[in-house]
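Here's the structure, in structure tokens; my notes come after.
4 protein chains.
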Amino acid sequence: MNKLEVGILGATGMVGQRFVSLLDGHPWFHLAWLAASDRSAGKPYREACSWRLRDAMPEGARHLPVHECKPGGAPLLLFSSLDSKVAGEVERDFAAAGHVVISNSSNFRMEPDVPLLIPEVNPGHLSLVRAQRQRRGWKGMIVTNPNCTTVGLAMSLAPLDRAFGLEKVLMTSMQAVSGAGYPGVPTLDILGNVIPYIAKEEEKVEAETQKLLGKLTDGHVEPGAFAVSAHCNRVPVEDGHTESISVTLRSKPSLDDLVAAWRSFRSVPQERELPFAPRHPIVFRPEHDRPQPKFDVNTEHGMATVVGRLRPCNVLQFKYTALSHNTIRGAAGAALLNAELMRSEGYLD
Amino acid sequence: MNKLEVGILGATGMVGQRFVSLLDGHPWFHLAWLAASDRSAGKPYREACSWRLRDAMPEGARHLPVHECKPGGAPLLLFSSLDSKVAGEVERDFAAAGHVVISNSSNFRMEPDVPLLIPEVNPGHLSLVRAQRQRRGWKGMIVTNPNCTTVGLAMSLAPLDRAFGLEKVLMTSMQAVSGAGYPGVPTLDILGNVIPYIAKEEEKVEAETQKLLGKLTDGHVEPGAFAVSAHCNRVPVEDGHTESISVTLRSKPSLDDLVAAWRSFRSVPQERELPFAPRHPIVFRPEHDRPQPKFDVNTEHGMATVVGRLRPCNVLQFKYTALSHNTIRGAAGAALLNAELMRSEGYLD
Amino acid sequence: MNKLEVGILGATGMVGQRFVSLLDGHPWFHLAWLAASDRSAGKPYREACSWRLRDAMPEGARHLPVHECKPGGAPLLLFSSLDSKVAGEVERDFAAAGHVVISNSSNFRMEPDVPLLIPEVNPGHLSLVRAQRQRRGWKGMIVTNPNCTTVGLAMSLAPLDRAFGLEKVLMTSMQAVSGAGYPGVPTLDILGNVIPYIAKEEEKVEAETQKLLGKLTDGHVEPGAFAVSAHCNRVPVEDGHTESISVTLRSKPSLDDLVAAWRSFRSVPQERELPFAPRHPIVFRPEHDRPQPKFDVNTEHGMATVVGRLRPCNVLQFKYTALSHNTIRGAAGAALLNAELMRSEGYLD
Amino acid sequence: MNKLEVGILGATGMVGQRFVSLLDGHPWFHLAWLAASDRSAGKPYREACSWRLRDAMPEGARHLPVHECKPGGAPLLLFSSLDSKVAGEVERDFAAAGHVVISNSSNFRMEPDVPLLIPEVNPGHLSLVRAQRQRRGWKGMIVTNPNCTTVGLAMSLAPLDRAFGLEKVLMTSMQAVSGAGYPGVPTLDILGNVIPYIAKEEEKVEAETQKLLGKLTDGHVEPGAFAVSAHCNRVPVEDGHTESISVTLRSKPSLDDLVAAWRSFRSVPQERELPFAPRHPIVFRPEHDRPQPKFDVNTEHGMATVVGRLRPCNVLQFKYTALSHNTIRGAAGAALLNAELMRSEGYLD
């Protein structure tokens with residue numbers, strides 16, 4: 003397969019940097035084009051970007067020029083990690099101009115004709131793009147991945163919903179600071195502290211989870227018929243959102259049934275062996291004190307959701323802990339896997 | 003009122019140090035006697051204790067000798083913060099020998115004839131000590147305060163239960179490291195990390211909350227008729243347990259009704275103006291991002307429970323955040339207020 | 003003494019907030035006027051300011067309107083904590099318009115006719131303002147305090163220089179994040195990390211220390227005849243700059259002589275009992291592992307410099323550790339003490 | 003080359019875990035034997051060890067039984083990371099019984115007939131073992147590596163000493179918590195804090211640096227003829243000791259000369275391409291704010307010393323920052339490289 007040239011919108015931010023890092027050496031995609039805010043435009047990437055990842059900036063990216071976020075000269079496929087303040091307009095312009103925009107921004111996620119996609123959870127929702135192009139008259143399209151907090155929740159729920167039927171979900175998150183981008187959370191706000199609020203986060207988690215686990219019917223997604231409630235907190239962790247989750251299921255499975263559902267969970271990305279697909283999308287850890295961000299956040303290169311501490315709940319039916327890497331599985335890696343799914347389905351030919 | 007001489011069992015640990023600190027200048031009690039493990043016995047306190055509080059060790063305590071944990075020579079009233087491995091036997095010996103033991107240890111909390119007491123929540127439960135003394139043939143008695151995580155939860159629930167009837171409670175804690183004592187949590191375990199497990203904590207929170215909000219009937223406590231489920235997590239915070247709480251109440255109050263119930267909450271300690279009683283046992287903060295340990299943990303000298311972020315819950319009825327100082331309101335301050343209540347009722351004459 | 007009305011330039015920043023907090027209840031000064039950037043101007047302080055201190059915003063400041071940084075309507079005495087990008091012009095305008103500007107900004111510190119002042123160290127340098135007004139034709143004046151890192155160093159050196167003559171100083175700092183203001187240091191930069199660089203900090207420390215310990219001769223300050231070298235590092239501490247210091251002195255005192263010099267150090271602020279003067283400007287701690295920010299930063303309300311770990315140095319003569327509160331003694335408290343010294347000398351009549 | 007069977011003394015501690023991790027897949031050595039305290043003896047490693055590294059425990063080690071620290075049955079070559087309280091006696095027993103003990107413990111480092119070795123710095127000192135065996139009548143031998151703080155200092159000094167002659171060194175360290183082992187530093191001691199003291203550390207750094215850079219003459223090491231002074235501090239960092247270093251050299255090189263000396267530095271391990279030898283023992287970073295533990299600690303798999311911020315010093319001649327991984331280059335990796343050097347010289351045949 004020839005490598006497809008790709009670009010990044012918002013290449014200098016935290017998620018943009020993850021895109022640059024994850025695309026380095028990707029077998030299907032070749033990073034050829036970068037765009038960011040006007041302030042950065044015109045500089046080579048190494049100067050425009052305050053690189054914050056532990057791994058060094060890939061050589062191939064250092065010398066790429068940073069463009070303005072305008073369609074001319076950009077490749078067909080674009081990953082977008084633009085701030086939601088500007089993403090709406092920019093992504094629309096690119097889609098209208100014929101580009102496939104794989105967006106990590108929140109702007110279009112809840113639009114009825116825009117796929118909100120986790121390839122393991124709802125690959126079929128991708129077909130919404132037909133209605134999208136028709137209705138909007140776009141030559142291109144927009145496909146989105148969920149919020150970084152939604153991903154771990156929806157991944158851990160998907161096999162339970164499939165096997166036992168989901169009725170109620172109550173989730174409390176303890177979210178890493180990298181989720182807020184860079185400069186993001188000031189040290190003075192979070193060192194030795196917990197902040198029990200993240201703007202618009204709970205609303206996103208609640209709505210997106212229902213869309214992700216909803217059913218595609220007559221060209222639209224019927225939200226999942228279960229209740230979701232989220233408490234979102236920020237904690238002084240660098241990477242990895244930890245979630246304390248209680249659920250009620252429609253049938254009465256045993257604890258072992260849940261573990262089996264998680265451990266056996268495989269889906270389209272695993273079947274097709276997509277490059278970024280984790281072999282085990284959900285890793286269940288039997289230890290009494292796992293998952294933990296320090297030890298588990300990079301499981302399967304940060305693409306797995308790690309669950310553990312499964313036990314009965316006195317109020318709902320079961321409770322457990324889930325962990326997901328917020329800038330890989332919850333952002334750049336999620337978008338990449340979406341692009342891989344799309345290429346495997348012929349959307350990028 | 004003459005000052006009553008008091009002692010501390012387990013004086014060198016983190017909670018023991020809080021007792022020493024809080025008793026300094028106390029209007030009703032005079033710290034006259036200290037005991038700790040055999041390793042410390044025989045030394046002056048300043049040498050036996052690796053003092054970890056920010057305020058300096060009170061002058062009056064520096065030169066006190068540390069005794070073994072044996073009844074001879076100890077004053078009538080003893081505060082105990084012994085490790086639960088030894089607290090059972092030691093506290094029993096002291097109570098049998100005629101001492102009033104106000105214990106922060108977990109050993110006796112769930113015994114049917116031992117008061118588990120929050121003076122604002124269930125002051126009437128104190129009368130259980132009559133059955134205790136009779137049944138056990140003790141001249142003294144044991145009175146306990148709840149686990150540091152239970153306190154904030156039970157405080158915030160008490161006015162809701164009183165006014166609207168409690169049906170379901172689901173709580174996720176983010177607990178400070180000082181709750182684990184000293185040396186306690188190794189830095190390598192928690193720096194930049196979350197640990198989703200604290201041994202026996204969830205069981206304690208669930209059982210203690212039902213006992214605290216239970217009804218004293220025929221000389222025993224009938225557990226509260228509501229379901230409680232706890233997820234307990236450790237986070238890199240020094241002091242202050244933050245809790246994300248969802249509740250269902252039996253009646254259908256408004257958000258304003260809940261705020262009013264919290265703000266108007268007063269009980270026996272406030273009526274009697276006990277020295278350690280917070281003027282406002284529950285402080286409601288209207289900001290969208292409070293309470294936070296950094297800013298709110300010392301509210302009312304660490305004796306108030308601070309609540310905020312009240313909003314509807316999609317799964318239960320309401321959700322909110324509560325914060326409580328785990329070594330003051332959740333341990334040493336709790337025991338002190340218990341002692342003040344007891345003195346005001348004549349139990350220490 | 004009547005309270006003098008005072009104002010703050012840059013009232014919404016971290017140091018501005020410290021000014022507001024420290025002026026609350028001040029016996030000599032009454033906070034009557036606030037100014038900040040144009041973005042804040044026109045709002046009441048409680049809305050313009052993202053308050054970051056643990057103590058609540060003083061009631062008296064909440065309703066004060068925030069003005070633009072222009073002279074009209076401002077009181078005689080102004081504390082300035084403006085960003086150095088704008089401080090130069092603004093402070094000059096106020097001084098020209100007749101105001102006394104007590105500045106924490108770096109812009110004028112090294113001007114030959116501007117006092118760089120620590121009241122305990124070089125109170126006599128205040129007289130430089132005469133030359134300043136004459137030369138510049140100002141009705142007002144500008145007086146500055148040193149950089150937050152310089153203060154602890156210069157305070158700890160002053161009694162050694164006075165008694166034994168200073169020859170060489172080598173200092174490595176471990177600086178708190180509050181020194182960078184708010185939002186200041188991003189969490190992603192410093193959580194679990196050390197940053198061995200703070201822009202322009204080493205140059206400031208080296209030059210300012212020599213000016214502070216220099217001699218006023220013929221209307222100008224002759225820099226101290228000793229060498230100073232600084233390594234400046236950022237560490238994940240909230241408040242309190244810790245400094246590892248090695249010195250060579252001109253005479254050959256004993257370790258005890260140095261301790262005695264520190265412990266007996268008193269100066270004009272102590273003699274005149276200025277309200278913000280620490281009773282002991284330098285507190286020597288004999289423990290083997292002090293000072294530490296956690297325990298010692300608030301010594302004497304954050305106005306003392308705490309020293310410890312004095313021992314011989316194999317390369318220079320002695321080595322020790324010093325600690326100083328960077329936003330109190332190193333910024334707002336420093337400026338306040340400067341103002342108190344000036345009032346006690348009649349400069350504000 | 004056949005793989006040589008090796009064992010670990012003190013296999014369950016932090017450095018012991020690093021040995022286990024680094025030996026996994028080693029081309030020359032096969033981990034076949036583990037020993038630890040009596041408390042652990044008799045259990046399989048997976049049960050005896052509270053594994054604290056981010057990478058999972060190697061499969062090959064999980065099932066190995068943990069032995070007592072007694073010679074019978076142990077392989078010829080042993081890595082020791084025993085606590086210094088017991089290392090003296092145990093290592094002596096093993097050496098007397100014919101084992102080659104490569105020790106990370108401090109007990110024998112300063113013995114005149116024991117090599118204190120950094121293969122890049124003083125490979126020739128290895129020949130001291132001849133005198134050792136003769137004098138002590140041992141069939142085996144003991145070879146040591148330096149303290150974790152000494153390594154980065156000595157590595158960065160070695161090429162400067164070789165090229166320009168070292169005269170004076172003043173070093174202030176900011177040390178990671180993993181240097182204190184596990185459980186090691188309590189969170190309550192270091193979260194948001196700096197501790198300006200590490201027991202015996204400064205003495206070790208000063209003496210070891212002089213021995214490492216000393217000259218082997220007549221069968222003993224003449225300490226380097228330069229002065230060294232160390233300030234040692236603990237900071238809330240997980241891995242990586244950062245050091246602010248000032249030096250005076252005997253000749254007058256330029257800044258570029260120093261950079262060239264560092265960059266061109268190669269030694270025996272590089273020439274022989276020992277498996278654990280970093281290709282570049284010293285990596286100079288030209289950025290103004292590097293090295294930093296977060297970004298640079300794992301340079302060359304944690305085996306390089308990273309230096310940066312080179313500039314003139316007003317008191318000594320130059321100053322710079324160095325960073326070294328304290329449990330890899332500063333402990334387990336150091337010992338492994340010593341073993342590789344020894345095998346390449348025929349000491350293990």
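Protein chains in written order, with the working numbering: chain A, 3 to 351; chain B, 3 to 351; chain C, 3 to 351; chain D, 3 to 351.
The beta-carbon is built from N, C-alpha and C at its ideal position, and this holds for glycine as well.
Note that the structure is predicted; figures quoted are calculated from it, not measured.
- B/ALA178 and B/ASN328: beta carbons closer than 8 Å? Yes, these two residues count as a Cβ contact at 8 Å.
- Item | Neighbour list for A/LYS296 in chain D, Cβ cutoff strictly below 7 Å | ARG56
- Query: Are the beta-carbon atoms belonging to B/MET173 and B/GLU245 less than 8 Å from one another?
  - Reply: yes
- Query: Where does the unbroken beta strand (DSSP E) through A/TRP1 begin, and where does it stop?
  - Reply: There is simply no residue 1 of chain A to check, as chain A begins at 3 and stops at 351 in what is shown.
- Mark A/HIS65 as exposed unless 16 or more other C-beta atoms lie within 10 angstroms of its C-beta, in which case mark it buried. exposed
- DSSP state of B/GLY9 mapped onto helix, strand, coil: strand
- Anything in the stretch 244-275 of chain C with a Cβ closer than 8 Å to a Cβ of chain D? List those residues in chain order, please. Closer than 8 Å at the C-beta level to chain D, one finds these residues of the stretch 244-275 of chain C: THR244, SER246, SER248.
- Message: Would A/GLY181 pass as an interface residue toward chain B - the criterion being a Cβ-Cβ separation below 8 Å?
- Response: no
- Query: Quick one: is B/GLY142 near chain C, going by C-beta distance under 8 Å?
  - Reply: no
- Message: Can you pull the chain D neighbours of B/TYR184, defined as C-beta to C-beta under 7 Å?
- Response: PRO188, LEU190
- C-alpha gap between B/ALA232 and A/VAL249, whole angstroms: Each residue's Cα considered, the two are about 13 Å apart.
- Proximal chain C residues relative to A/LEU193, where beta-carbon distance stays under 9 Å: VAL179, THR189, ILE192, LEU193, PRO238, VAL239, GLU240
- Sort A/PRO125, A/PRO295, A/ARG311, A/ARG236 by Cα distance to A/LEU257 and report the nearest one. A/ARG311
- If we ignore side chains and look at the alpha-carbon of each, how far apart do C/GLU61 and A/LEU84 end up? 41 Å
- Residue nearest to B/GLU2 in terms of C-alpha spacing, selected from B/CYS315, B/ASN340, B/ARG345, B/GLY348: Since the first and last residues shown for chain B are 3 and 351, residue 2 of chain B lies out of range.
- Message: Taking the alpha helix (DSSP H) that C/CYS150 belongs to, which residues open and close that run?
- Response: 150-166
- Task: Classify B/GLN177 as helix, strand or coil using the three-state DSSP reduction.
- Result: strand
- Cutoff 8 Å: D/VAL17 Cβ touching any chain C Cβ: no
- By how many angstroms is the C-alpha of A/LEU79 removed from the C-alpha of A/GLU113? 21 Å
- Own chain partners of D/PRO46 with C-beta closer than 8 Å, once the 5 adjacent residues on each side are dropped: ARG64, HIS65, LEU66, PRO67, VAL68
- Should B/ARG135 be counted as a contact of the ligand NAD given a C-beta to heavy atom distance under 7 Å? The ligand NAD is absent from the structure shown, which contains no ligand whatsoever.
- Would you say D/PRO188 and B/TYR184 are within 8 Å of each other, going by their C-beta atoms? yes
- Query: So, does the CB of C/CYS150 fall closer than 8 Å to a CB anywhere in chain F?
  - Reply: Note that chain F does not occur in the displayed structure, where the protein chains are A, B, C and D.
- Message: What ranges does the beta strand (DSSP E) occupy inside the stretch 48-126 of chain A, keeping only unbroken runs of at least 3 residues that lie completely in it?
- Response: If you keep only unbroken beta strand (DSSP E) runs of at least 3 residues inside the stretch 48-126 of chain A, you get 79-82, 102-105.
- Query: Identify the residues that DSSP records as bridge partners of B/GLY348: which are they?
  - Reply: Partner(s): none; B/GLY348 has no beta bridge.
- Could you tell me the distance, in whole angstroms, from the CA atom of C/PRO125 to the CA atom of C/LEU193? 40 Å
- For A/LEU251, the residue or residues it bridges with in DSSP: A/LEU168
- Message: Is there a C-beta anywhere in chain B that falls below 8 Å from the one on A/ASN328?
- Response: no
- Message: Less than 8 Å between the C-beta atoms of C/TYR199 and D/ASP291, yes or no?
- Response: yes
- Tell me, please, whether the stretch 133-153 of chain A touches the stretch 100-112 of chain A by the rule of three or more beta-carbon pairs shorter than 8 Å. Verdict: yes, contact present.
- Query: In chain order, what residues of the same chain lie with their CB nearer than 6 Å to the CB of A/GLY332, ignoring the 5 residues before and after it?
  - Reply: CYS150, VAL153, SER326
- Does the distance from the C-beta atom of A/SER269 to that of A/PRO255 stay below 8 Å? no
- Item | Range covered by the alpha helix (DSSP H) that runs through D/ARG135 | Note, D/ARG135: alpha helix (DSSP H), 130-138.
- Determine the burial state of B/ALA97: buried for a count of at least 16 other Cβ atoms within 10 Å of its Cβ, exposed for fewer. buried
- Message: Please tell me whether C/LEU343 and C/PRO277 are closer than 8 Å, where the distance is taken between their beta carbons.
- Response: no
- Query: Residues of chain D with CB under 7 Å from C/THR301, in chain order?
  - Reply: Residues of chain D passing the Cβ test: none, with the nearest at roughly 15 Å.
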